[in-house]
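Here the structure comes first, spelled out in structure tokens, and everything after it is commentary.
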Amino acid sequence: MKVYKKETVQHINASIEECWAFFSSPRNLQKITPETMGFNITDFDGKNMYAGQIIQYKVSPLAGLKLRWTTEITIVKDKQYFIDEQRFGPYALWHHKHFFEPTENGVKMTDVVHYALPLGFIGRIMNALVVKNKLKDIFEYRVMAVNQIFNSK
6 MKVYKKETVQ
16 HINASIEECW
26 AFFSSPRNLQ
36 KITPETMGFN
46 ITDFDGKNMY
56 AGQIIQYKVS
66 PLAGLKLRWT
76 TEITIVKDKQ
86 YFIDEQRFGP
96 YALWHHKHFF
106 EPTENGVKMT
116 DVVHYALPLG
126 FIGRIMNALV
136 VKNKLKDIFE
146 YRVMAVNQIF
156 NSK
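Below, the structure is given as structure tokens:
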């Protein structure tokens with residue numbers, strides 16, 4: 006199985022407390038996800054993030070294809086980082102680390118995603134043709150959305 010890595014870094018003009026309050030609420034994920042993804046949380050307990058939390062979504066990444074996705078928040082270290090991992094969904098592996106580091110001008114946020122696709126050779130072709138670019142677009146949108154929320158003050 007080929008494992009891919011996607012990493013992004015963004016500087017946020019806010020305190021660590023403001024960033025953590027926003028990103029530790031699963032409700033806010035829809036605000037930083039492109040509408041074209043058809044992202045919808047279908048089940049979660051309404052609480053801020055904690056280790057062991059299960060969140061279920063529906064997403065439409067390609068041409069109206071609706072997929073169910075279940076993630077678990079596996080690790081949370083308050084105001085420092087959290088990790089979400091896919092339990093059921095379109096990937097053979099999805100491991101997403103979110104790091105928050107206070108700086109003198111705000112917060113440095115780093116996302117590191119390790120992912121793998123099912124179907125061996127076909128999955129590698131799908132990554133090269135579609136998935137890699139789709140993830141790039143999603144994270145570029147996220148940078149723009151986070152800038153609008155925090156950096157336009």
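With our numbering applied, the sequence shown closes on residue 158, and no number is skipped along the way.
Glycine residues also receive a C-beta, built at the ideal position from the N, C-alpha and C atoms.
(1) Check whether the region 83-94 touches the region 65-74, taking contact to mean three or more Cβ pairs, one atom from each stretch, closer than 8 Å.
(2) Is it buried or exposed for residue 62, if we count other Cβ within 10 angstroms and need 16 for buried?
(3) Could you tell me if the beta carbon of residue 129 falls within a distance shorter than 6 Å of some heavy atom in the ligand FAD?
(4) What is the DSSP secondary structure of residue 93, reduced to helix, strand or coil?
(5) Just to check my reading of the structure: residue 17 and residue 155 have Cβ atoms closer than 8 Å, yes? What is that Cβ distance to the nearest angstrom?
(6) Can you list, in chain order, the residues of its chain whose CB lies under 7 Å from that of residue 147, leaving out five sequence neighbours each side?
(7) Which ranges would you report for the beta strand (DSSP E) in the region 87-155 if only whole runs of at least 3 residues count?
(8) Going by DSSP, which residues form a beta bridge with residue 82?
(9) Evaluate contact between the region 105-115 and the region 11-28, counting only Cβ atoms and requiring at least three cross-stretch pairs below 8 Å.
So, to answer that:
(1) Yes, they touch.
(2) Here residue 62 is taken as the residue at index 57 of the sequence shown, counted from 1. Residue 62 comes out buried.
(3) This structure simply doesn't include the ligand FAD, nor any ligand for that matter.
(4) In the sequence shown, counting from the first residue as 1, residue 93 sits at position 88. In this structure, residue 93 counts as strand in the three-state DSSP scheme.
(5) The count along the sequence shown starts at 1 and reaches residue 17 at position 12. The count along the sequence shown starts at 1 and reaches residue 155 at position 150. Contact between residue 17 and residue 155 holds, with the beta-carbon distance rounding to 5 Å and staying under 8 Å.
(6) Translated into positions along the sequence shown, residue 147 becomes position 142. 37.
(7) Correct list: 98-108, 111-121.
(8) As a first step, residue 82 is located in the sequence shown; it is residue number 77 there, counting from the start. Under DSSP, residue 82 takes part in a beta bridge, and its partners are 86.
(9) In short, these stretches touch, since the Cβ pair count reaches three.
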